[in-house]
Every structure is written in C-alpha cells, then in structure tokens.
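K.L.:
Protein chains: 2
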Amino acid sequence: MAARTAAPALARLVVVGVGLIGGSCALALREAGVVREVIGVGRTRENLDTACARGIIDRGVVLADDWPRECATADVVLIATPVAQFTALFAAVAPTLGPDTVVTDAGSTKLGVIAAARAALGARFGAFVPGHPIAGTEHTGAAAAFPTLFADRNVIVTPLPETDRGAVERVRALWQACGAKVRELSPERHDAIFAAVSHLPHVLAFALVAELAARPDAAAYFDFAASGFRDFTRIAGSSPEMWRDIAVANREPLLAEIDAYMRALAAARARVAAADGAGLAAMFERASVARRRWGARFAAPVDDSR
Amino acid sequence: MAARTAAPALARLVVVGVGLIGGSCALALREAGVVREVIGVGRTRENLDTACARGIIDRGVVLADDWPRECATADVVLIATPVAQFTALFAAVAPTLGPDTVVTDAGSTKLGVIAAARAALGARFGAFVPGHPIAGTEHTGAAAAFPTLFADRNVIVTPLPETDRGAVERVRALWQACGAKVRELSPERHDAIFAAVSHLPHVLAFALVAELAARPDAAAYFDFAASGFRDFTRIAGSSPEMWRDIAVANREPLLAEIDAYMRALAAARARVAAADGAGLAAMFERASVARRRWGARFAAPVDDSR
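In structure tokens form, the structure reads like this:
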C-alpha cells in the first residue's frame with residue numbers, strides 16, 4: 011500500500027453487494043489510499059463479516075436494516091449486486107440520496123439498469139453514472155475479492171445526455187485509482203457488444219455443461235475431459251444468479267446473438283454432415299487466424315486461477 | 011536429463027509428423043533416457059530442421075523421400091500427423107514394416123484410424139496399437155513441442171482383439187516413460203466420449219470466432235472481449251487442418267453431439283425469450299455445480315500459456 015499524504019478523494023464509499031466486483035473495487039481503492047471509509051451493504055451478515063475480516067469494508071449493514079441512510083453522506087454509492095436487484099435498490103436509495111452523492115453500478119447490462127435508475131431516481135437521475143467493469147473470475151463473494159482485479163482492465167461507462175459530467179469524472183477517477191482504463195460507449199452499443207463477446211459465450215458454456223451433466227453416464231465424459239474442455243467451460247462455473255439476471259435483462263441483444271450463432275452452427279453442422287473438409291477448413295482457418303491475432307494483442311491474463 | 015546406465019528400451023523410434031504431439035513425445039522419451047535414435051518424418055524440411063536444431067530428432071526425412079525403409083528396423087513408428095493422412099501413411103509403411111516393429115498413432119479419432127490400418131496393414135494389423143494422448147495446446151509444429159506435455163495426462167489406447175498384447179505393452183511403456191497415465195477404452199466409446207468433450211467444444215469455439223470475425227464491425231467486438239472470451243475461445247486458435255480431419259473422421263458421433271447441443275441451446279433460447287429466470291437459473295446452476303465439482307478434481311493445468 012502506497013503511503014499518501016493527501017486526503018483521500020473519497021471520504022465515504024458505500025458498496026452495495028460486497029462480492030468479487032464490489033469487494034475488489036474497495037480493496038483496490040484502499041490500496042491506492044483514495045478512500046477513508048467503506049460501508050458494505052449486503053444480504054447476509056456472513057459475507058459482510060468476511061468482508062470486514064479481510065479489511066474490505068469498515069462496517070457492514072444488511073439490506074434488512076436501514077442502509078439507505080448510509081448513502082446520505084456518501085461520495086459514491088457503488089451497486090454491485092446481480093442486476094435484477096437494481097430496481098429495488100434504486101428505489102430504496104432515492105429518498106435519502108445526499109445532494110453531492112454519486113451513484114454508479116457494476117452491472118453487465120446497461121439499458122435495463124438505466125431504465126430502472128431513471129424511474130427510481132427521477133430528478134436525481136443525473137447523479138447516476140452507468141458503469142461496467144470488464145473483469146471477473148468464476149468465483150463469487152467477498153472471499154474471492156482481490157485488489158488487482160481491475161489492473162489494466164477496461165471499465166465501460168455509458169453516460170447519457172442528462173448525466174452530470176462531474177459525476178462521470180468522479181466515477182472515472184475511482185476506476186482509474188483501481189488501475190483500470192475507463193472507456194465510454196452508448197448503452198445500446200454496450201449491450202450489443204457484450205451480448206456477443208460475453209453473454210453469449212456464458213450461455214453456450216452453461217448449455218454445454220448442463221447438457222453433459224444431465225446424462226446418465228455423465229461421469230465417464232467428465233472423466234476424460236481435458237484442458238480444452240477446462241478452458242472452454244471455465245465460465246460455466248460462474249454465478250447462476252448473476253447470469254440469470256444478465257440473460258433476462260439483456261435478452262433482446264442476447265436472442266439476436268443466439269440466433270446468429272445457431273445459424274453459424276447449423277452451417278458448420280451441414281459441412282460436417284457433408285464431410286466438406288474444404289468448407290470446414292475455411293471456417294476453422296478464419297477463426298484460428300482471428301483468434302491468434304486477437305490473442306497476441308490481449309494483455310496479460312487476469313488472475314483467474316484463484 | 012537423468013543419466014541412465016541401462017540400455018535404452020527403444021533403439022529406434024520413427025516419428026511421422028514432428029509437431030506438438032510427436033515432437034513432445036520424442037523430447038519426453040529422450041529426457042527419460044529410454045530411446046537411442048529418433049528419426050523424424052514430415053512434409054517440410056523446414057520443420058524437420060527445427061526439430062533437429064531443438065534436439066527432438068537425430069535425423070529428418072521428408073515424406074517425398076524413402077521414409078518407409080526407416081521403419082524396417084524401428085521398434086516403434088509413431089504416426090502423429092492430422093488423421094486424414096493416415097491411410098496413405100499406413101499404405102506406405104506396410105510393405106517395409108520390420109517383423110518386430112510396432113506401429114501406433116496419436117490421432118484424436120479411433121474408428122476411422124483403425125479401419126485405415128486394418129485395410130493397409132493386412133496380416134500385420136496386430137502390430138498396430140491405436141492411441142490418443144489427451145494433451146495439447148493450440149500451438150503447432152516442432153517449435154511448440156515440450157517434454158512435459160504428457161506429464162500426468164491420460165493416453166487412451168483402444169486395442170482390438172487382434173492387437174498383439176506385447177505391442178500394447180510396448181506402447182504403454184512408451185507413454186508411461188513420458189509421464190502419462192495409460193487407459194484403455196473401446197474405440198467406439200473413445201470416439202463417442204471425445205466427440206462430446208473435445209470435438210464438439212472445438213467446433214463450437216471455431217463457429218463463434220468465425221461468425222464474429224466475419225462481421226463488418228468485428229474489430230469493435232474483439233476490442234472489448236475479455237478473459238471469459240479468451241478462455242472460451244482459446245481452442246479456436248487450434249490447427250484448422252487437424253480439426254478439419256477430426257471433424258470429418260468422427261462425423262457421426264460429432265453430428266450426434268451437435269444435435270444434442272442444438273437442442274440444449276434451443277431450450278436455453280426459449281427460456282431467455284420467455285424471460286424465464288427460474289428456468290435459466292436451474293440450467294445455469296446444474297452447469298455451475300457440475301463444472302465446479304469437475305474443476306476441483308482436475309489436476310494441475312497443462313502448460314498451455316506457451
């Protein structure tokens with residue numbers, strides 16, 4: 011932890027959902043010395059106790075208690091729960107939001123989150139900065155948090171014309187202090203891109219493992235699965251609740267991606283059925299070249315072996 | 011390299027296809043001190059020169075030259091090329107095979123390979139031990155070989171009633187000297203299992219990346235893809251030629267797996283379309299539990315970061 015002489019930029023941060031993302035953000039800000047007090051809010055006392063014991067938060071408040079009053083004097087409220095909870099959380103926090111409090115989130119979908127925030131926050135909607143840190147592992151909870159999760163990772167913010175630019179800058183500074191690169195997209199573009207490169211692969215991996223696991227002789231298949239299967243299915247170990255919420259919230263772009271994928275897979279199937287080696291080789295070659303080019307560009311891997 | 015006083019168990023090994031698999035096997039046997047001379051056979055002089063320079067082989071013979079005569083005095087001939095070449099290779103080697111020479115292979119499919127061997131080897135078919143080392147990375151060629159590729163990995167052998175048991179034991183000893191565990195399966199069961207846990211995931215990953223790469227705005231998608239995408243698509247960087255041959259050779263089991271998968275994906279799609287959160291959560295939960303259980307059991311990862 012670097013010693014800082016300047017006062018922390020954030021006197022009080024409230025993290026709602028002290029899991030992998032929220033917890034890692036708090037840890038990173040602490041290590042950077044830019045936050046004085048972190049209040050954790052969550053469903054279970056047990057996870058909050060873990061977060062306290064690990065030094066992630068100073069105090070924990072369960073959702074059943076009066077957590078919104080903690081937000082009145084917060085500089086930033088970071089909502090990092092599964093996205094289906096956002097509507098209730100925005101509604102709870104709206105009445106007590108301090109005049110200078112900025113609300114942001116870590117949800118993987120943005121249009122639905124924005125609609126929920128707009129409905130609940132009303133005149134204070136400008137204080138909400140939609141955000142999405144592009145980092146994670148398949149592990150969950152405060153126990154899985156680590157301070158370098160966001161190092162050199164992208165954080166997408168999708169501000170709207172009504173969004174207060176000062177609020178955007180505060181959120182930008184927060185993620186930069188975590189080591190992240192902050193980039194802006196429109197919420198529509200965000201949802202379309204992540205449906206393709208994140209939500210679809212998760213659904214595909216979940217579907218594969220669920221189908222195998224349902225077989226009477228599943229054990230024989232898992233017994234011989236090796237490193238290709240391991241990497242292909244790593245994301246199938248992810249939180250079912252988080253991904254249920256994402257799949258539902260982003261369902262229109264996700265359905266479009268599933269349909270495009272099913273067409274591509276049907277074309278591949280036809281080539282296999284026809285023993286069309288040349289057609290298969292052309293498809294595999296296009297993929298292999300693109301994947302190698304991308305892989306060479308992709309930076310150091312995140313610590314997802316935890 | 012451990013110093014050995016005993017004579018090497020293999021006086022001469024011929025490796026046809028000195029790539030990741032064949033090259034790594036030769037390196038492992040050399041490090042174990044169990045082979046005296048390794049002859050490499052391949053399509054290009056360039057790759058054979060690389061293999062010589064790296065100490066993988068003692069000599070290289072291109073396929074255009076008279077490589078079958080090298081097999082007359084070999085203890086083992088390991089065929090480790092893409093499987094579509096096997097028919098021609100078996101036919102070439104059959105007339106000159108030494109009386110004590112054992113032929114084995116490293117192909118990812120077994121029924122097709124066995125049919126090709128039976129047709130070409132005739133009365134000497136008993137000297138052929140069908141094999142499949144379950145190891146690999148997405149990299150290819152002699153330059154990608156490394157001696158620990160097979161450490162603690164499975165090697166499947168699928169001997170038939172006609173297969174000489176002494177030949178099986180020689181092949182078993184060869185792979186055990188590489189650090190691998192040797193297991194037996196029927197060829198039918200092998201092809202069915204690996205269609206599900208290896209061939210299908212490869213086709214799925216190739217299809218995903220090929221579909222994305224074909225979009226006019228592909229760069230924007232790749233730009234935001236992160237570690238989940240990285241692991242899910244790692245195998246899409248694999249050799250198009252090798253996977254073309256596997257997909258064609260094992261097409262019946264693979265088609266059955268593609269069809270089962272398309273049904274599973276269609277069911278997932280229906281749940282997304284209906285915003286059926288409970289149904290999605292149940293599917294994701296089944297996958298997540300199974301994947302975590304399997305992941306906990308899976309041994310140390312192979313060095314596939316190379």
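Here the protein sequences come in this chain order: D and Y.
Start counting the first sequence at 11; every next residue gets the next number (the working numbering).
Start counting the second sequence at 11; every next residue gets the next number (the working numbering).
Idealized CB from N, CA, C, for every residue including glycine.
#1: Considering only C-alpha positions, which residue in the set Y:Val167, Y:Trp77, Y:Glu221, Y:Pro263 is nearest to Pro105 (chain Y)?
#2: Using the three-state DSSP reduction, which class does Ala21 (chain Y) fall into: helix, strand or coil?
#3: For Glu295 (chain D), name the three-state secondary structure that DSSP assigns.
#4: Residue range of the alpha helix (DSSP H) that Leu30 (chain D) falls in?
#5: At 3 residues or longer, and completely inside the stretch 76-141 of chain D: list those beta strand (DSSP E) runs for me, N to C.
#6: Could you check the C-alpha separation between Thr114 (chain D) and Thr147 (chain D) for me, to the nearest Å?
#7: Could you compute how far the alpha carbon of Ala310 (chain D) sits from the alpha carbon of Arg302 (chain D)?
#8: Helix, strand or coil for Pro143 (chain Y) per DSSP?
#9: Three-state secondary structure (DSSP) at Thr243 (chain D)?
#10: Ordered along the chain, which non-local residues of its own chain (more than five positions away) have a Cβ less than 7 Å from that of Arg307 (chain Y)?
#11: Would you mind telling me which residues of chain D sit closer than 8 Å to Asp76 (chain Y), beta carbon to beta carbon, in chain order?
#12: Which residues of chain D have a Cβ atom closer than 8 Å to the Cβ of Ile203 (chain Y), listed in chain order?
#13: For Val282 (chain Y), which residues does DSSP report across the bridge?
#14: Chain D partners of Glu295 (chain Y), CB-CB under 8 Å?
#15: Got a sec: is the Cβ-Cβ distance from Ala153 (chain D) to anything in chain Y below 8 Å?
#16: Who pairs with Val166 (chain D) in a beta bridge, going by DSSP?
#17: By how many angstroms is the C-alpha of Gly70 (chain D) removed from the C-alpha of Gly50 (chain D)?
#18: Given this structure, state the Cα-to-Cα distance separating Ala42 (chain Y) from Val103 (chain Y), to the nearest angstrom.
#19: Compare the C-beta of Arg301 (chain Y) against all C-beta atoms of chain D and say whether one is closer than 8 Å.
#20: Compute the Euclidean distance between the alpha carbons of Lys120 (chain Y) and Ala130 (chain Y), then round it to the nearest angstrom.
#21: Name the one or two DSSP bridge partners that Gly52 (chain D) has.
#22: Check Glu47 (chain Y) in the structure and name its three-state DSSP category.
#23: By Cβ distance, which residues of its chain are closer than 6 Å to Leu195 (chain Y), with the 5 residues on each side in sequence left out?
#24: I'd like the span of the alpha helix (DSSP H) that includes Arg254 (chain Y), first residue to last.
#25: Could you tell me which of Y:Leu39, Y:Leu30, Y:Cys35 sits nearest to Pro18 (chain Y), measuring between CA atoms?
#26: Which stretch, first to last residue, makes up the alpha helix (DSSP H) that contains Val219 (chain D)?
#27: Considering only residues of the same chain and omitting the five flanking positions on each side of Val192 (chain D), which have a CB-CB separation below 7 Å?
#28: Between which two residues does the alpha helix (DSSP H) carrying Leu184 (chain D) extend?
#29: In whole angstroms, give me the CA-to-CA distance for Asp85 (chain D) and Glu56 (chain D).
#30: Answer with yes or no whether the minimum CB distance from Glu179 (chain Y) to chain D is below 8 Å.
#31: For Arg281 (chain Y), which residues from the same chain have a beta carbon less than 8 Å from its beta carbon, with the 5 sequence-adjacent residues on both sides left out?
#32: Looking at C-alpha atoms only, which residue of D:Val72, D:Arg180, D:Phe204, D:Gly117 is the closest neighbour of Val45 (chain D)?
#33: Whether or not the stretch 228-242 of chain Y and the stretch 250-260 of chain D are in contact is what I'm after, with contact meaning three or more pairs of Cβ atoms, one per stretch, closer than 8 Å; do they touch?
#34: From Ala125 (chain Y) to Ser118 (chain Y), what distance separates their C-alpha atoms?
#35: Check the Cβ-Cβ distances between Pro384 (chain D) and every residue of chain Y, and say whether any is below 8 Å.
#36: Pull out every residue of the stretch 13-47 of chain D whose Cβ sits closer than 9 Å to any Cβ of chain Y, in chain order.
P.N.:
Put simply:
#1: Y:Trp77
#2: Correct three-state label for Ala21 (chain Y): strand.
#3: helix
#4: 30-42
#5: If we require 3 residues or more, the beta strand (DSSP E) runs fully inside the stretch 76-141 of chain D come out as 86-89, 112-115.
#6: 21 Å
#7: Per-residue confidence for Ala310 (chain D) stands at a pLDDT of 46, beneath the threshold of 50, marking its modelled position as unreliable; no derived number is given.
#8: strand
#9: Three-state result, Thr243 (chain D): helix.
#10: none
#11: None at all; the shortest Cβ gap to chain D is about 28 Å.
#12: Ala230, Tyr231, Phe234
#13: Per DSSP, none; premise fails for Val282 (chain Y).
#14: Pro250
#15: no
#16: The sequence shown places Ile at residue 166 (chain D), rather than the Val named in the question. D:His142, D:Arg193, per the DSSP bridge assignment.
#17: 5 Å
#18: Rounded to whole angstroms, Ala42 (chain Y) to Val103 (chain Y) spans 27 Å at the Cα level.
#19: yes
#20: 15 Å
#21: D:Val72
#22: strand
#23: Ile166, Thr168
#24: 250-259
#25: Y:Leu39
#26: 210-223
#27: Val165, Val167, Arg182, Trp185, Gln186
#28: 175-187
#29: 26 Å
#30: no
#31: Gly289, Leu290, Met293
#32: D:Arg180
#33: no
#34: 14 Å
#35: Outside the displayed span of chain D (11 to 316) sits residue 384 (chain D), for which this structure offers no information.
#36: none
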